[in-house]
Amino acid sequence: MNISRQFEKDLMELQIALSKKQLTQFITYYEMLAEWNQVMNLTAITDYEEVLKKHFIDSLSLVKAFDLTSDISVIDIGTGAGFPGIPLKIAFPNLKVTLLDSLNKRVQFLKAVIEKLELQEIESFHGRAEDFARPGLMREKYDLCVSRAVANLTTLSEYCLPFVKVGGFFVSYKSEKIEQEKKEAEKAIRLLGGKIEKQVELYLPDSDIYRNLFVIKKETACPKKYPRKAGLPAKEPLM
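Counting from 93, one number per residue, gives the positions in the sequence shown under the numbering used here.
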């Protein structure tokens, strides 16, 4: 399988330069995704060009909102088939990446991808954000938390902000304009020690696919009682 010209064009538009090895890693990642997807539900998007655009380029669009060139630690919450964490790791090998997902089958896929692509300083864990954010585990250990998970911004903030160091950031990928959701989330974000620093709206290169990146800065330590026990952040979002 050859690398797509459109993918290379999209990368140029994002000002991301990749080596031949990195481009090959993306192709191998796609091939593994397509293969494993036949036996487990990893993604509804399977067409090669669509995966490149809607998963890989979408994951990398973070460069429009955040500088990824320094050696920072990143955790991807609810990573699923590895988005955005694995594309970010391939494109920016300097990142130290942790992937967290609640479904063990998906974590087995992630481990296989990491091994096959020979990626260093990246690990994947099976578990829930509410459990791993407890003191003594991964709490307040990361410079950056990212999530493309489909959840309300209030709920996502309760899952993600506890992982971020004071002075670090949480970036939520959204696919629609969410002014009302943003307004409702602001109080909860403050309660969790954060503040919305900026909102970057963009369209993926050569497409009408809209993206909305919320950059939230962690200003103070998260109160110990958050996140609440499993299920509550989604069932009863903070008001």
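Using N, Cα and C, we set each Cβ at its ideal position, and we do this for glycine too.
Anticipated Cβ contact below 8 Å, residue i with residue j, distance rounded
i           : j           : result
residue 255 : residue 237 : 5 Å
residue 240 : residue 175 : 5 Å
residue 222 : residue 244 : Wrong, their Cβ atoms sit about 15 Å apart, outside the cutoff.
residue 150 : residue 298 : With a Cβ gap of about 13 Å, residue 150 and residue 298 do not count as contacting.
residue 214 : residue 189 : 4 Å
residue 251 : residue 169 : 6 Å
residue 183 : residue 115 : In fact, because the Cβ distance is near 10 Å, the residues do not count as touching under 8 Å.
residue 330 : residue 280 : 4 Å
residue 180 : residue 144 : Contact doesn't hold; Cβ gap of about 15 Å is too wide.
residue 249 : residue 308 : 7 Å
residue 292 : residue 146 : Going by Cβ atoms, the distance from residue 292 to residue 146 rounds to 18 Å, so no, they are not a contact pair.
residue 142 : residue 98  : 11 Å between Cβ atoms; not a contact.
residue 224 : residue 192 : 6 Å
Where residue i sits in the DSSP three-state scheme
i           : result
residue 216 : strand
residue 40  : One cannot answer for residue 40 here, as it falls past the ends of the chain, which runs 93 to 331.
residue 108 : coil
residue 274 : helix
residue 143 : helix
residue 269 : coil
residue 287 : strand
residue 173 : coil
residue 281 : helix
residue 130 : coil
residue 153 : helix
residue 159 : coil
residue 97  : helix
residue 230 : coil
residue 135 : coil
Beta strand (DSSP E) segment containing residue i, residue limits
i           : result
residue 168 : 165-169
residue 259 : 256-266
residue 239 : 234-239
Residue i: first and last residue of the uninterrupted alpha helix (DSSP H) it sits in
i           : result
residue 223 : 221-224
residue 251 : 245-252
residue 180 : 177-183
Check: Enumerated in chain order, which unbroken segments of the beta strand (DSSP E) with a length of 3 residues or greater are wholly contained in the region 185-214?
Finding: The region 185-214 contains these whole beta strand (DSSP E) runs: 188-193.
Next item on the list: Kindly confirm or deny that the region 295-309 and the region 260-271 touch, where touching means at least three C-beta pairs closer than 8 Å.
Entry: Under the 8 Å Cβ criterion, the region 295-309 counts as touching the region 260-271, having at least three qualifying pairs.
Check: Is the region 206-213 close to the region 223-236, with three or more CB pairs under 8 Å?
Finding: The answer is no - the region 223-236 does not touch the region 206-213, with fewer than three Cβ pairs under 8 Å.
Note to self: Ignoring anything shorter than 3 residues, give me the beta strand (DSSP E) runs that lie fully in the region 289-331, in order along the chain.
What the structure shows: Every beta strand (DSSP E) stretch that sits fully inside the region 289-331 and reaches 3 residues is listed by chain position as 302-310.
Margin query: Assess contact between the region 285-292 and the region 306-323, defined as three or more Cβ pairs (one per stretch) separated by less than 8 Å. Is contact present?
Written below: Between the region 285-292 and the region 306-323, the count of C-beta pairs closer than 8 Å reaches three or more; the two stretches touch.
Margin query: Using a Cβ distance threshold of 8 Å, determine whether the region 170-187 contacts the region 121-134, with at least three qualifying pairs required.
Written below: In this structure the region 170-187 lies against the region 121-134, because at least three pairs of beta carbons, one per stretch, are closer than 8 Å.
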